[in-house]
Amino acid sequence: MGRKLLLEKAHVEGIRTYEVYRREGGYRSVEKALKSMTPEQVVEEVKKSGLRGRGGAGFPAGMKWSFIAKPEGVPRHLVCNADESEPGTFKDRYLMEFIPHLLIEGLIVSSFALGSNATYVYIRGEYAWIAGILEKAIDEAKHNGFLGKNILGSGFDCEIYIHRGAGAYICGEETALIESLEGKRGNPRIKPPFPAIKGAWGRPTVVNNVETLCAVVPIINDGGEEYARIGVGKSTGTKLLSACGNINKPGIYEIDMTISVEEFIYSDEYCGGIADGKRLKACIPGGSSVPILPANLLLKTAKGETRYMNYESLADGGFATGSMMGSGGFIVLDEDQCVVRHTMTLARFYHHESCGQCSPCREGTGWMEKILKNIEYGKGKPSDIDLLWDIQRKIEGNTICPLGDAAAWPVAAAIRHFRDEFEWHITNPVAAQQRNFGLAHYADPLEVAATA
Amino acid sequence: MSTQFSEEKLNKIKEIVTHYPEGEQKSALLPVLHLAQQEFGGWLDVPVMDYVASLLSLEPIEVYEVATFYSMYNMKPVGKFMFEVCQTGPCMLRGSDDIIAYIEQKLSIKAGETTNDGMFTLKPVECLGACGYAPMMQLGNYYREHLTKEKVDQIIDECRTSVAINN
Ligand code: FES
Chain A
24 MGRKLLLEKA HVEGIRTYEV YRREGGYRSV EKALKSMTPE QVVEEVKKSG LRGRGGAGFP
84 AGMKWSFIAK PEGVPRHLVC NADESEPGTF KDRYLMEFIP HLLIEGLIVS SFALGSNATY
144 VYIRGEYAWI AGILEKAIDE AKHNGFLGKN ILGSGFDCEI YIHRGAGAYI CGEETALIES
204 LEGKRGNPRI KPPFPAIKGA WGRPTVVNNV ETLCAVVPII NDGGEEYARI GVGKSTGTKL
264 LSACGNINKP GIYEIDMTIS VEEFIYSDEY CGGIADGKRL KACIPGGSSV PILPANLLLK
324 TAKGETRYMN YESLADGGFA TGSMMGSGGF IVLDEDQCVV RHTMTLARFY HHESCGQCSP
384 CREGTGWMEK ILKNIEYGKG KPSDIDLLWD IQRKIEGNTI CPLGDAAAWP VAAAIRHFRD
444 EFEWHITNPV AAQQRNFGLA HYADPLEVAA TA
Chain B
-9 MSTQFSEEKL NKIKEIVTHY PEGEQKSALL PVLHLAQQEF GGWLDVPVMD YVASLLSLEP
51 IEVYEVATFY SMYNMKPVGK FMFEVCQTGP CMLRGSDDII AYIEQKLSIK AGETTNDGMF
111 TLKPVECLGA CGYAPMMQLG NYYREHLTKE KVDQIIDECR TSVAINN
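Protein chains in written order, with our numbering: chain A, 24 to 475; chain B, -9 to 157.
Structure representation (structure tokens):
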């Protein structure tokens, strides 16, 4: 059993309520930080912990905090990104729904570190009932003196407000999120200026993911160094993964980042193997934006080494033969799934979610969806594959925000690793309507080039 | 339907506006539009948006451009019950296509349409953050997960009964 820091208490009966959460040791980190630490010391601990942003980009959280500008007399804000919308990702929902006080606790400590007296949780609009759960937790925390004026006599004031979005993946991008918080369309801003200098209402703002802010609680309780001892290399601490697709046990798992991909998929402690006794064909290990890998490259790197569930190992081989940890959305495809169809749904998703500001993304995502639909429905042309490749190349890197890249990568990786399947769809349009390409050679052991 | 919030809702809006810095009442636009949609028939007609604009001292265009950007705001009337079935990759892997087809057949409507009696709308949507509990749909403020044909039947019956009781 791996060590659990976030979900340790998730199954304690009544943990959603303040009484039980407090009885189980909740809000200790607020007491410790506000009574015995300076904001700078809290930032220092988070830096020492090596905690990386859990939203997808993996940027060191402590460093992000240290960038916040502190102009005299200008309020600063912490905003929690709870706009979880990356297909395959549903971990933040679990934290908020079942242990809401953990997030509130993390928010109070982090607000103290950053000097935010008004902190916002931007939650995706569809999580309507979870907004209610969080509001109740905030009321309880306030009632018990952990929010409001002069918290625990420290002189620190803090309010937390829930702000519900209204259905837009793009608002997970931090500057789009800020625009949306200001009551506007979620169009990402050109950076610089970065939010740390000029964010919500022109004020210095830090935007952090739900899981990142929850992780601040054990970091302050046990110390940054202790947190950094868990895991491996720059993948410190624990990570939540949301596993879905064709596995026996879809759900949320907390791992210390030392287990292998194979163990994660097949052990009963985690995904419990492929459903219906089928074989593994492919997997998108870190949310829909990251490259899909065929079974053989997923379990072993191109060098023939075991692949592990951490930032470095998942990225081993770059985009040529590796993928990314991303948001931890682990999507598994069994041998009877069609990579073309799956990629088509993702292209449709990104087309639907493009904000429309940048032409390469607005137009390119539409073209990709259309071409993939043609291929999937038996109307593909041999030239379509190269055309798709060309379009995704022209989107990547040519847009204001990373949505363009996020739309391009899944298509690129699908063609890179599953070109045969695309070709088969095009040359066998009739058969492709009746059956799938199947597992083909995607699980065959790879030849490892001998290293000199 | 008159476009006027109750006293209680107006107070709620006043309270929401205090969440944001002074003079930044525009920030309350998303939450107020949610309230308006709920209150005035499940969609945002132009007079409703104009009313919201006047409440928050905004130009109507500022409301229109926001309302049309976000997928949860309905720009035309919808059924009393909206089945928003997720169709993105992870749900597709677990059979969301079959669920959508089954609802189409059962209600004799196509995706995107509303039944003649105004009861049901079927709207395929993109990932709702419930990928591990697929196939799934959003119904009102809640999610219905691990859908099967039997469950869909049950949900439809539930909706019909709740209307019968409330009439
Ligand atoms: S793909 Fe359907 S909820 Fe995520």
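Cβ coordinates follow ideal geometry from the N, Cα and C atoms, glycine included.
P110 (chain A) has its Cβ nearer than 7 angstroms to a heavy atom of the ligand FES. Against C117 (chain B), the close residues of chain A are S108, P110, F372, in the order they occur along the chain (beta-carbon pairs closer than 7 angstroms).
In this chain, the alpha helix (DSSP H) harbouring H124 (chain A) covers 123 to 137.
From the beta-carbon of Y54 (chain B), no residue of chain A is found nearer than 8 angstroms; the closest lies around 11 angstroms away.
By the neighbour-count criterion, in which 16 or more other beta carbons inside 10 Å mark a residue as buried, N210 (chain A) falls on the buried side. For A463 (chain A) and I398 (chain A), the gap between their C-alpha atoms comes out near 19 angstroms. Sequence-distant Cβ neighbours of Y373 (chain A) in its own chain, meaning closer than 6 angstroms and more than five residues away, are T388, A430.
In chain order, Q415 place their CB closer than 6 angstroms to the CB of A435 (chain A), counting only its own chain and leaving out the 5 sequence neighbours on each side. For R385 (chain A), not one C-beta of chain B is nearer than 8 angstroms to its own C-beta.
Proximity of chain B to P273 (chain A) at the Cβ level (cut-off 8 angstroms) is accounted for by C121, G122, Y123, A124, in chain order. Annotation: the continuous beta strand (DSSP E) that includes Y133 (chain B) extends over 132 to 134.
Nearest C-alpha to V363 (chain A) among A:T329, A:D407, A:A325: A:D407. At the C-beta level, I220 (chain A) and E376 (chain A) stay beyond 8 angstroms of one another.
Taking the Cβ of P21 (chain B) as the reference point, every heavy atom of the ligand FES lies at 7 angstroms or farther away. If you check each beta-carbon in the segment 130 to 141 of chain B against every beta-carbon of chain A, the ones closer than 7 angstroms belong to N131, Y132.
With a cut-off of 7 angstroms, the C-beta of P80 (chain B) is classified as near the ligand FES, since at least one heavy atom of the ligand falls inside that distance. Here I418 (chain A) is buried: its Cβ has 16 or more other Cβ atoms, across all protein chains shown, within 10 Å. Its chain contains no residue whose beta carbon lies nearer than 7 angstroms to that of G300 (chain A) once the 5 sequence neighbours on both sides are disregarded.
Only those residues of the segment 189 to 200 of chain A whose C-beta falls short of 7 angstroms from the nearest C-beta of chain B are listed: A189, G190, A191. Taking the Cα positions, R439 (chain A) is about 51 angstroms away from S152 (chain B). Short of 6 angstroms from the beta carbon of V355 (chain A), and not among the five residues preceding or following it, lie these beta carbons of its own chain, in chain order: G268, N269, I270, C306.
Close partners of Q360 (chain A) in chain B (Cβ separation under 7 angstroms): L83.
Taking a beta-carbon distance threshold of 8 angstroms, W152 (chain A) counts as an interface residue toward chain B. The DSSP-derived three-state label of Y123 (chain B) is helix. Going by C-alpha positions, Y143 (chain A) is about 12 angstroms away from S133 (chain A). By the neighbour-count definition (other C-beta atoms within 10 Å, threshold 16), R77 (chain A) is a buried residue. W432 (chain A) and G420 (chain A) have their alpha carbons spaced roughly 11 angstroms apart. Across the set A:W88, A:A80, A:T61, A:E54, the C-alpha of A:W88 shows the shortest separation from the C-alpha of K70 (chain A). For N269 (chain A), the chain B residues whose Cβ falls inside 8 angstroms of its Cβ are L83, R84, in order along the chain. Using a cutoff of 7 angstroms, the CB of G119 (chain B) counts as near the ligand FES, since one of the ligand's heavy atoms is closer than that.
As the crow flies, the alpha-carbon of Y334 (chain A) is around 11 angstroms from that of T281 (chain A). Secondary structure note for F353 (chain A): it is in no alpha helix (DSSP H), and the uninterrupted beta strand (DSSP E) holding it is 352 to 357. Between I275 (chain A) and R26 (chain A), the C-beta spacing is not below 8 angstroms.
For M126 (chain B), the distance from the CB to the nearest heavy atom of the ligand FES is below 7 angstroms. With fewer than 16 other CB atoms across the displayed protein chains lying within 10 angstroms of its CB, G176 (chain A) is exposed. At least one heavy atom of the ligand FES sits closer than 7 angstroms to the Cβ of C76 (chain B).
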